[in-house]
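What follows is a single structure, written as structure tokens, with notes after it.
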Amino acid sequence: MLSFLYCVGLLCYTITNAKLHCVFDSFNLGVRLASLSDPKIITAESGQNVTLPCRASSNNFIILQWSRADLGTQHVVVYRDGQFAPDDQHPSFKNRIDLRDGQMKDGDVSLILKNVTNADNGTYECRVFMGEIHSWELNIISLSVVDPPGEIMFSFLLPKNCRAWMDKQLKQSELNTVKQNGSS
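Numbering (mature numbering (1 follows the signal peptide of the UniProt record, and there is no 0)), first residue to last: -18 to -1, 1 to 166.
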């Protein structure tokens, strides 16, 4: 599916599925939308590191922006002019992000988000400005963070005349706890 949208003066774009290309002109902005696939959905457990995949058509890009809509004007990470721009980064992502390929060879600009929490839930956008064709490429990834499965602890009282049973895995501290509760 291919469609066009033209705007004068202001940047106008619509996101459908996974790709967006903006072509600049001195008077008009043409936006070419290419419907490739549905946004990728990734699920991760809280506390894990997760990779949000993104690939540019080449590694000859000028700007890389990872963002999430609810962050306002700040971003997850911005890379421009050959370096990261920490002033544009939202504080909640400081020291928690890395690129899967630091050299971004073959256009791999995938983001590693470390120690994810429920606050990281949301729709992430990977935008890459390709200088030679004056266009933006956009990939959309939805991240769902779930709580890890918890431990189940059973508590019970043994009658005084009950014998304690111990398997090879039981630790001495656990046996002492059983004895302190009145069992022998």
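Heads up, the beta-carbon is just placed ideally off N, CA and C, and yes, glycines get one too. Keep in mind the model is a prediction, meaning the values are calculated, not measured.
Asked, Found
"Per DSSP, what are the beta-bridge partners of G104 in this structure?", "L125"
"Mapping DSSP to helix, strand and coil, what is D70?", "helix"
"Which first and last residues belong to the beta strand (DSSP E) in which T33 is found?", "32 to 34"
"My output table needs one value for A38: the three-state DSSP class, helix, strand or coil.", "coil"
"In the DSSP assignment, find the unbroken beta strand (DSSP E) run with D80 in it and report its ends.", "79 to 81"
"Between G132 and S28, what straight-line distance do the alpha-carbon atoms span, to the nearest angstrom?", "12 Å"
"Which residue from V32, I23, I45 puts its Cα closest to that of S117?", "I45"
"Taking all protein chains shown into account, decide if V128 is buried (16 or more other Cβ within 10 angstroms of its Cβ) or exposed.", "exposed"
"Check for me: the beta strand (DSSP E) holding V98 runs from which residue to which?", "Careful: V98 lies outside any beta strand (DSSP E) and carries neither H nor E."
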